[in-house]
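Residue numbers (the working numbering): 879 to 936. We put the beta carbon where it would ideally sit given N, CA and C, even for glycine. Some notes on the structure that comes next.
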């Protein structure tokens, strides 16, 4: 095996974890918007206008 600092499997797992983490955050925002809540979205730094535009589009 080549002497990497991380094995390809570890790199892939790390990358997948990162992708899943961001996907989860986006999913949480979407679910929150569908419910009409905005607490999570405020914390994520969304502006109120963006929130309203987004909510109206759904």
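CA-CA distance, residue 890 to residue 911, rounds to 31 Å. DSSP places residue 889 inside the alpha helix (DSSP H), whose first and last residues are 886 to 913. A straight line joining the alpha-carbon of residue 897 with that of residue 904 spans about 11 Å.
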